[in-house]
DNA sequence: AATGAATGAGCATTCATTCAT
DNA sequence: TATGAATGAATGCTCATTCAT
């Protein structure tokens, strides 16, 4: 009996927003932030230039809305890995596989996120940069928790867990670069499997001595 | 007593070129490609804007001249590692240490090079991109040679050497990122030492089974 | 008990119109024509942006509706002064006092009107500009009638009455400017009293010689 | 024998700057600040749009450069009047005449300055607004000095000199408006003569009683 | 009748590059 | 040879106005 009238406009709005986001994602991930113009995004989305500014108040905001979405998915993954049941190695294996799947599923997001990392951060407002850094720190913290567990379990070497987290993250990110630059030659899925199987093999050895 | 002035203007010319390159390196590595203007480079170098164009025909060319210089140093390092005497592990250890030293010595170059990696390559002229890719491929090839030697020697796991090269390169590049983003918290030298020591420990095990 | 709703929507309509006008007056007089947006006016009035266009067909029209209202009040005052009983000096004294009271009562209107005077009239549609000029001319005509009376009565100098009207108007407008720019330092009421008392003192002398 | 080479470029630069200023003056005084575009100014001056920014760093700065030039001329006039030899009445007469001549000579400047007065000051950076106010205050201060002298000499009524200054300034500014709005019907020269002759007539009377 | 999402012309400003001197 | 003044294409963003709902 109660009308849902107030809600009815949202689907349309959401659709539009999605169209813009898709267009922006495509362009930003292909051409990068600087070379993508708002006019192009609007054109690609099939709307007027001004309409973009109804949804985001600036190019920067649009960009970071996408970047953050991408980051959040990964943060979420790491968090879930840290909180799941199982040994550290199991967690890492799960995380590795899920990460790869995420990247394959959302290649554009990965590219975008990646470009942002090397982007001239000086370009952006400090608030956004700050948020990015916090995100990164959070990822490392969660990773560190898993690693600390692994060291306790004796499957990971008894080294500085922060450094191990950075190195692990670095390894994965470094592989991502290779993959993004030449996806034909370097299959990220296969690479991750190799890493995990090597890791498993190595984990058996006595670290402590 | 007689001046060689009429003979060679190169000394002067080289000085200027160096001044420009230094200025450009500083600015590009600090502010990134897009946020650095030719006017700033000229100002920083202490010469006229127009003069820049006597040495490089465009901003792009100036940028890539620097990037390439940086790359060449690394390519050179990898090549020398591949050609030196010793076991694969020794070569990798040497390469790792030298790489780190290179980065510390030329932090600006590293930063520049790194920014360029994720930079909107698609937006640069294909000729430059092509050259970058070729450079990268060369690095991987040399790395692969070392790795193949290691597999033969039994100190590296008997896996696809191209993938191992990519992974190794990825690891180092990934660590570089961590270092560049927070040099206080992540000491690249220490990290490299950890990697090498872990590698050495692990290398002893029987891979083949 | 029976609602008159079906009969007249005007009460509602008028309310809205008043709300819009009030909002517009406040904003235009504070921020000026160019810096005030239709969106702000609508927001301030508490109605939708589109609704504004039901009452006025353009920003310009809204603006001039207000300006004209303000002008009309003054025209009305001058007209009443010209038509009242009494000597020219009495009329001018009454007009001077009433004008000041009007300005104090409707400071926003005065400000608005004043801004419009120097506003880039050339940029408004000719129809509006024409109307403004006609208004001004009317004011001068009425003023001139009073002045002619004064000259006949011998209390005003026997000079070109049109010029005297312009000068009188100029004096008052000039004082308005001083007042608007710094109402603390320049009290318009006090100033007008000074003018009138000086005028009275001076009026006694023999003009004709 | 010494070359004046270093100076030789200035004439050219100055020429260019003059051309821009002339174009800007014409447009600003005709169409006002908001409706004049930088592109128009450049076009009118016969140069490229970007060149404007070589001489002034913003539209605002260009505008105030002109406004200030205009103001300075008038400030200078008032200052010279205050400092010349003679009675207050002589000073005011001289000032009145010179002011009128200035306006006739530089009608565009007068228009510009005038428009600026009513312009939405909120539009401009506080530094400029501040400067304008200071200018105005200075004018009133000098005027006040002359008036104080006149009161002492008994030729001006013994009233608050600040108010008299404001009123005098108001009168002249008010007349300027009349003139600018309809120069055919209201001849500023004639009007000023009338004011001065009336003033002279009136000045003879005994103010004090 | 009322709305607010959509539009796109319009504008200030930047900057790589050119070229007269 | 070296310069810096000149250029104009390019771009992010605003806002009066329209119109589907």
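Protein chains in written order, with the numbering used here: chain H, 2 to 210; chain R, 2 to 210; chain D, 2 to 210; chain B, 2 to 210. A virtual CB, placed ideally from N, CA and C, is assigned to each residue, including glycine. The structure displayed is predicted, hence computed values, not measured ones.
Margin query: Less than 8 Å between CB atoms is the rule here; does residue 164 of chain B satisfy it with respect to chain D?
Written below: Position 163 of the fourth chain, counting from 1, holds the residue named residue 164 of chain B. Yes, because at least one Cβ of chain D sits closer than 8 Å to the Cβ of residue 164 of chain B.
Notebook entry, point to check: Among residues of its own chain, excluding the 5 on either side of residue 102 of chain R, which ones have a beta-carbon nearer than 7 Å to its beta-carbon?
Noted result: Translated into the one-based positions of the second chain, residue 102 of chain R becomes position 101. Cβ within range, chain order: n/a, list empty.
Next item on the list: Evaluate residue 104 of chain R with the Cβ neighbour count: other Cβ atoms within 10 Å of its Cβ, from every protein chain shown; 16 or more gives buried, anything less gives exposed.
Entry: Locating residue 104 of chain R in the second chain gives position 103, counting from the first residue. That one is buried.
Next item on the list: Taking residue 15 of chain B as the reference, give the member of B:199, B:126, B:55 with the closest Cα.
Entry: To locate residue 15 of chain B, count along the fourth chain from 1; it is residue 14. For residue 15 of chain B, the nearest C-alpha among the options comes from B:55.
Next item on the list: List the endpoints of the continuous alpha helix (DSSP H) containing residue 179 of chain D.
Entry: Taking the third chain and counting its residues from 1, the one referred to as residue 179 of chain D is at position 178. Residues 162–182.
Next item on the list: Please list the partners that residue 203 of chain D has in chain B, where partner means a Cβ-to-Cβ separation under 8 Å.
Entry: Residue numbering aside, residue 203 of chain D sits at position 202 when the third chain is read from its first letter. Per Cβ cutoff of 8 Å: 203, 206.
Notebook entry, point to check: Residue ranges of each beta strand (DSSP E) run of no fewer than 3 residues wholly in the region 103–142 of chain D, ordered along the chain?
Noted result: none
Notebook entry, point to check: Nearest to residue 184 of chain D by alpha carbon, out of D:111, D:152, D:163?
Noted result: Here residue 184 of chain D corresponds to residue number 183 of the third chain, with the count starting at 1. Measuring from the Cα of residue 184 of chain D, the nearest candidate turns out to be D:111.
Item checked: Near-chain H residues of the region 91–104 of chain R - C-beta to any C-beta below 8 Å -> none
Note to self: For chain D, check one thing: does any of its Cβ atoms lie closer than 8 Å to the Cβ of residue 191 of chain B?
What the structure shows: On the fourth chain, position 190 is the one that residue 191 of chain B refers to. For residue 191 of chain B, the answer is yes, since a Cβ of chain D falls inside 8 Å of its Cβ.
Next item on the list: Locate the alpha helix (DSSP H) running through residue 41 of chain D, then write down its first and last residues.
Entry: For the purposes of this step, residue 41 of chain D is taken as the residue at position 40 of the third chain. Its alpha helix (DSSP H) spans residues 39–46.
Next item on the list: Determine, using beta carbons only, whether residue 140 of chain H and residue 93 of chain H come nearer to each other than 8 Å.
Entry: Here the question's residue 140 of chain H lines up with position 139 in the first chain. Here the question's residue 93 of chain H lines up with position 92 in the first chain. It is not a contact, given that the beta carbons lie outside the stated cut-off.
Notebook entry, point to check: Any C-beta of chain B sitting closer than 8 Å to the C-beta of residue 72 of chain D?
Noted result: In the third chain, counting from the first residue as 1, residue 72 of chain D sits at position 71. By this cut-off, residue 72 of chain D is not an interface position.
Margin query: Within 10 Å of its beta-carbon, does residue 106 of chain H have 16 or more other beta-carbons around it, so buried, or fewer, so exposed?
Written below: Start at 1 with the first residue of the first chain, and residue 106 of chain H comes out as number 105. Flag for residue 106 of chain H reads exposed.
Notebook entry, point to check: Would residue 114 of chain H be called buried (16 or more neighbouring beta carbons within 10 Å of its own) or exposed?
Noted result: Here residue 114 of chain H refers to the residue found at position 113 of the first chain. It is buried - the Cβ of residue 114 of chain H has at least 16 other Cβ atoms within 10 Å.
Note to self: According to DSSP, simplified to helix, strand and coil, what is residue 59 of chain H?
What the structure shows: The residue you call residue 59 of chain H lines up with position 58 of the first chain. Three-state result, residue 59 of chain H: coil.
Margin query: Pop quiz: residue 167 of chain H and residue 24 of chain R are said to be a contact at Cβ under 8 Å. What is the actual Cβ separation, rounded to whole angstroms?
Written below: In the first chain, the residue the question calls residue 167 of chain H occupies position 166. In the second chain, the residue the question calls residue 24 of chain R occupies position 23. The pair is not a contact, with the Cβ atoms about 33 Å apart (cut-off 8 Å).
Note to self: Can you look up residue 188 of chain H in the DSSP assignment and give me helix, strand or coil?
What the structure shows: Looking up residue 188 of chain H in the first chain gives position 187. Looking at residue 188 of chain H - three-state DSSP - the assignment turns out to be coil, as it is neither helix nor strand.
Check: Can you find a CB in chain D that lies within less than 8 Å of the CB of residue 60 of chain B?
Finding: Numbered from its first residue, the fourth chain carries residue 60 of chain B at position 59. Not an interface residue.
Note to self: Considering only the alpha carbon of each residue, which of H:52, H:34, H:186, H:197 lies closest to residue 68 of chain H?
What the structure shows: Here the question's residue 68 of chain H lines up with position 67 in the first chain. The shortest Cα separation from residue 68 of chain H among H:52, H:34, H:186, H:197 belongs to H:34.
Check: Exposed or buried, residue 1 of chain H, counting other C-beta atoms within 10 Å across all chains shown (16 or more means buried)?
Finding: This structure does not reach residue 1 of chain H, given that chain H is present from 2 up to 210, and the question cannot be answered.
Note to self: Just verifying my parser: in three-state terms, what is the DSSP assignment at residue 88 of chain H?
What the structure shows: Sequence index remark: in the first chain, residue 88 of chain H carries index 87 (1-based). Coil at residue 88 of chain H, not helix or strand.
Next item on the list: Within 10 angstroms of the Cβ of residue 205 of chain H, are there 16 or more other Cβ atoms? Answer buried if so, exposed if not.
Entry: Here residue 205 of chain H corresponds to residue number 204 of the first chain, with the count starting at 1. By the 10 Å Cβ count, residue 205 of chain H comes out exposed.
Margin query: Here's the rule I'm using: 16 or more other beta-carbon atoms within 10 Å means buried, otherwise exposed. How should residue 19 of chain H be labelled?
Written below: As a position in the first chain, residue 19 of chain H is number 18, starting the count at 1. Exposed is the call here.
Next item on the list: Below 8 Å between beta carbons is the criterion; list the residues of the region 16–41 of chain R that meet it against any residue of chain H, in chain order.
Entry: 31, 32, 33, 34, 35, 36
Next item on the list: Flag residue 158 of chain B as yes if its beta-carbon sits less than 8 Å from any beta-carbon of chain D, otherwise no.
Entry: Here residue 158 of chain B is taken as the residue at index 157 of the fourth chain, counted from 1. At least one chain D Cβ lies under 8 Å of residue 158 of chain B.
Check: With a cut-off of 8 Å, does the C-beta of residue 175 of chain H fall near any C-beta of chain R?
Finding: The residue given as residue 175 of chain H occupies position 174 in the first chain. By this cut-off, residue 175 of chain H is an interface position.
Checklist line | Helix, strand or coil at residue 157 of chain H [DSSP, three-state] | finding: For the purposes of this step, residue 157 of chain H is taken as the residue at position 156 of the first chain. It is coil, neither helix nor strand.
Check: Should residue 82 of chain D be labelled buried (16 or more other beta-carbon atoms within 10 Å of its own) or exposed?
Finding: Mapped onto the third chain, residue 82 of chain D falls at position 81. By the neighbour-count rule (16 or more Cβ atoms within 10 Å), residue 82 of chain D is buried.
Notebook entry, point to check: Any Cβ of chain B within less than 8 Å of the Cβ of residue 196 of chain D?
Noted result: The residue given as residue 196 of chain D occupies position 195 in the third chain. Residue 196 of chain D counts as touching chain B.
Checklist line | For residue 150 of chain B, three-class secondary structure by DSSP | finding: The residue given as residue 150 of chain B occupies position 149 in the fourth chain. Three-state DSSP puts residue 150 of chain B in a helix.
Notebook entry, point to check: Would you report the Cα separation of residue 198 of chain H and residue 64 of chain R, rounded to the nearest angstrom?
Noted result: Counted from its first residue, the first chain places residue 198 of chain H at position 197. Counted from its first residue, the second chain places residue 64 of chain R at position 63. Distance between the alpha carbons of residue 198 of chain H and residue 64 of chain R is about 41 Å.
Margin query: Tell me the rounded alpha-carbon separation between residue 202 of chain H and residue 159 of chain H.
Written below: The residue given as residue 202 of chain H occupies position 201 in the first chain. The residue given as residue 159 of chain H occupies position 158 in the first chain. Approximately 17 Å between the Cα atoms of the pair.
Next item on the list: State buried or exposed for residue 3 of chain H, treating a residue as buried only when at least 16 other CB atoms are found within 10 Å of its CB.
Entry: Position 2 of the first chain, counted from the first residue, corresponds to residue 3 of chain H. Because the pLDDT at residue 3 of chain H is just 37, under 50, the model does not fix this residue reliably, and the point stays unresolved.
Notebook entry, point to check: Helix, strand or coil: how does DSSP classify residue 205 of chain R here?
Noted result: If you number the second chain from 1, residue 205 of chain R lands on position 204. Note: residue 205 of chain R maps to coil in three-state DSSP.
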